[in-house]
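All remarks here apply to the structure that follows.
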Amino acid sequence: METLHIGQTKITWLNGGVTFLDGGAMFGVVPKPLWSKKYPVNDKNQIELRTDPLLIQKDGYNILIETGVGTGKFSEKQLKNYGVKEESSVENSLMTLGFEVEDIHYVLMTHMHFDHACGLTKRENDQWRSVFPKAKIITSLTEWEEMKNPNIRSRNTYWKENWQAIQHQVETFETSISIMEGIEMHHTGGHSDGHSVVVVQDGQDIVVHMADLMPTHAHKNPLWVLAYDDYPMTSIENKEKWLKFGVSQNAWFTFYHDAFYRGIKWDEEGNILEKVERDRS
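Written out as structure tokens, the structure reads:
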């Protein structure tokens, strides 16, 4: 498991599974000859997208960003349509690190689309139960309301199996929230109306987790937004804002979906200054 240290804070990527989604959908209106130079594509026009949660260990607290694709949530048709080649083994990842699911204090949900939220619950004795029973689950109020009452477009990604069993653990915020000293969430909208980013700071070191505003390193161009985005112009605006902030602060940009990089530092010209690569062996 790859790690990143900023100050006294440790970030570890867990195994949350993998999907293969349509490359055209993931890069929106960008022509394939352009995006395929920056991110590999298979003969089915699919690109590999990890769904790997980030475990943050800070000041005695264990915080997850996202939860993976879960286990046992998909029908055979869905496994095929979403290109799910591997389901989550987050609990095993935690055990390898010496933790149990009860040791997680917070779960930060940038948004609650199924590929981020399926790992929140699991089936036990014919009922859905919380995977992280002692955690506070944080998401924006806008996201939580749509999760419970999806519209005609979003109901395919907001599943009741992912929220009904954990609703008593959920705490929401409207604009911004400080989880603890050095960890904040900020509502951005864009990818979904309730989408948020996470900022982690320890001393002078900063991490900006832009979630699905920038799902992979190949999405760095502010104009390269997803066809899945509900509000693409909002995505562009906030992508520009947080990229500018991160670069100005010499921050790490971390990824949940990227199959090649866990984190990158860019300079103002877009050159890679530092990187944490994913072990693909």
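Letter by letter, the sequence shown follows residues 14 to 294 in our numbering. By construction, the Cβ of each residue, glycine as well, lies at the ideal position given by its N, Cα and C atoms.
Considering Cα atoms alone, identify which of 211, 181 and 182 is closest to residue 191. If you number the sequence shown from 1, residue 191 lands on position 178. Checking every option, the nearest Cα to that of residue 191 belongs to 211.
Nearest-angstrom beta carbon gap, residue 235 and residue 249 [assumed within contact, 8 Å]: On the sequence shown, position 236 is the one that residue 249 refers to. On the sequence shown, position 222 is the one that residue 235 refers to. Sure, about 5 Å apart at Cβ, within 8 Å.
Taking a contact to mean a Cβ-Cβ separation below 7 Å, would you say residue 205 touches residue 124 in this structure? The count along the sequence shown starts at 1 and reaches residue 205 at position 192. The count along the sequence shown starts at 1 and reaches residue 124 at position 111. Yes.
Can you tell me whether residue 55 is buried or exposed, with buried defined as 16 or more other CB within 10 angstroms of its CB? On the sequence shown, position 42 is the one that residue 55 refers to. Exposed: under 16 other Cβ atoms inside 10 Å.
Need the endpoints of the beta strand (DSSP E) that residue 196 sits in, please. What you label residue 196 is simply residue 183 of the sequence shown in a count that begins at 1. From DSSP, the beta strand (DSSP E) with residue 196 extends over 196-200.
Per DSSP, which one or two residues make a beta bridge with residue 33? Looking up residue 33 in the sequence shown gives position 20. Per DSSP, 61.
Using the C-alpha atoms, what's the distance from residue 161 back to residue 140? Taking the sequence shown and counting its residues from 1, one reaches residue 140 at position 127. Taking the sequence shown and counting its residues from 1, one reaches residue 161 at position 148. Cα-Cα distance, rounded: 18 Å.
On the premise that residue 174 lies in contact with residue 86, defined as a C-beta separation below 8 Å, what is that separation, rounded to the nearest angstrom? For this step, residue 86 is matched to residue 73 along the sequence shown. For this step, residue 174 is matched to residue 161 along the sequence shown. Yes, they are in contact, since the Cβ atoms of residue 86 and residue 174 sit about 7 Å apart, within 8 Å.
Please decide whether residue 194 counts as near chain D, where near means a Cβ-Cβ distance under 7 Å. Absent from the structure: chain D. Only one protein chain is present.
Please state whether DSSP places residue 149 in a helix, a strand or coil. For the purposes of this step, residue 149 is identified with residue 136 of the sequence shown, where counting begins at 1. Looking at residue 149 - three-state DSSP - the assignment turns out to be strand.
Coarse secondary structure for residue 20, derived from DSSP in three states: Here residue 20 refers to the residue found at position 7 of the sequence shown. Residue 20: coil per DSSP, three-state reduction.
Contact set for residue 95: own chain, Cβ-Cβ below 6 Å, skip 5 residues either direction: Here the question's residue 95 lines up with position 82 in the sequence shown. Cβ neighbours of residue 95 beyond the five flanking positions: 32.
Residue 193, enclosing beta strand (DSSP E) - first and last residue: For the purposes of this step, residue 193 is taken as the residue at position 180 of the sequence shown. That run of the beta strand (DSSP E) goes 189-193.
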